[in-house]
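In my numbering, the protein residues as written are 399 to 529.
Glycine is no exception: its CB is placed at the ideal position from the N, C-alpha and C atoms.
Here the structure is laid out as structure tokens; the discussion comes afterwards.
This is the structure in structure tokens:
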């Protein structure tokens with residue numbers, strides 16, 4: 399529920415793309431930390447994985463990702479981006495090559511995300527439904 403899962407309640411759970419290629423899991427926040435992991439499959443084989451965490455103890459919140467076991471990269475929440483009406487959160491890191499901006503939002507069928515450069519270009523869209 400929104401009460402127990404906090405302001406990012408819509409992210410909590412197991413999410414899978416309709417084609418089964420992408421899966422993302424987010425645990426309920428405990429002690430102000432949300433842990434997540436994602437996998438991408440191509441031809442039935444794991445082609446990408448990522449471990450991540452959202453730290454809600456800091457203001458603004460931070461989103462740290464470790465793609466394919468690489469060094470962690472931290473993105474900082476943009477509090478002004480969340481004023482859209484739809485529950486969402488946007489994280490930014492201008493120093494990262496790609497992506498520089500990551501937005502998660504509550505979608506019609508589940509969880510949606512957009513990754514892009516800071517100016518919104520090179521956008522890649524993701525959509526998941528509950529596993």
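Coarse secondary structure for residue i, derived from DSSP in three states
{"i": "residue 496", "result": "coil"}
{"i": "residue 451", "result": "strand"}
{"i": "residue 429", "result": "coil"}
{"i": "residue 411", "result": "strand"}
{"i": "residue 404", "result": "helix"}
Member of the options whose CA lies at the smallest distance from the CA of residue i
{"i": "residue 513", "options": "522, 478, 460, 506", "result": "522"}
{"i": "residue 462", "options": "502, 470, 518", "result": "470"}
{"i": "residue 448", "options": "459, 422, 455", "result": "422"}
{"i": "residue 503", "options": "440, 487, 467, 491", "result": "487"}
{"i": "residue 476", "options": "405, 505, 430, 490", "result": "490"}
Endpoints, the beta strand (DSSP E) within which residue i is located
{"i": "residue 441", "result": "From DSSP, residue 441 is part of no beta strand (DSSP E); its letter is neither H nor E."}
Residue(s) in a DSSP beta bridge with residue i
{"i": "residue 460", "result": "453, 474"}
{"i": "residue 525", "result": "510"}
Discussion item. Report the start-end ranges of each beta strand (DSSP E) in the region 462-523 that is 3 residues or longer and not cut off at the edges.
Written reply: 471-475, 486-490, 499-504, 509-514
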